[in-house]
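For the sequence shown, the working numbering begins at 1168 and goes up steadily by one.
These notes concern the structure reproduced below.
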Amino acid sequence: MSRSTPFAVLRCASCGRTAWPAPAMCARCGGLAFDAEPAAGGTLESATTAAGGPDGEAVTLGTVRTNAGPVVVARVIGARPGSEVALRLRDGALEAWRPRRARAAA
Ligand SMILES: [Zn+2]
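Right, here's the structure in full:
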């Protein structure tokens, strides 16, 4: 059974710089304490597809600028560069997918 959890980046408790994956220390101030900063979504900036999945299937990896700040690399599911994506961790791997239009644009 797969486990899905909301994605969060880490925010330095001293200076507020955000980072992901978890750094050993803050790249800006050297701080060692971090708080979780929810990053449930972002914008897909680029995507590359290559054969490389566990069963040899094609896998699309993309860079996502999260709405919390950091740019992260995630497995892309059904989204194109330039589009808004939602982020989640599934079995420890980061996934970005195109959310359903549950809310109408204001
Ligand atoms: Zn810092």
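Cβ coordinates follow ideal geometry from the N, Cα and C atoms, glycine included.
{"Asked": "Is DSSP giving cysteine 1196 helix, strand or coil here?", "Found": "coil"}
{"Asked": "Looking at C-alpha atoms only, which residue of Leu1254, Arg1195, Val1226 is the closest neighbour of alanine 1138?", "Found": "Outside the displayed span of the chain (1168 to 1273) sits residue 1138, for which this structure offers no information."}
{"Asked": "In this structure, does DSSP put arginine 1242 in helix, strand or coil?", "Found": "strand"}
{"Asked": "For arginine 1178, report the span of its beta strand (DSSP E) as first-last.", "Found": "1175-1179"}
{"Asked": "Just to confirm, does glycine 1236 get its C-beta within under 7 Å of one of the non-hydrogen atoms of ligand 1?", "Found": "no"}
{"Asked": "CA-CA distance, valine 1231 and valine 1176?", "Found": "12 Å"}
{"Asked": "Would you grab the beta carbon distance between threonine 1216 and threonine 1227 for me? Rounded to a whole angstrom, and I think it's under 8 Å.", "Found": "4 Å"}
{"Asked": "Which residue from Pro1173, Cys1179, Arg1267, Gly1245 puts its Cα closest to that of serine 1213?", "Found": "Gly1245"}
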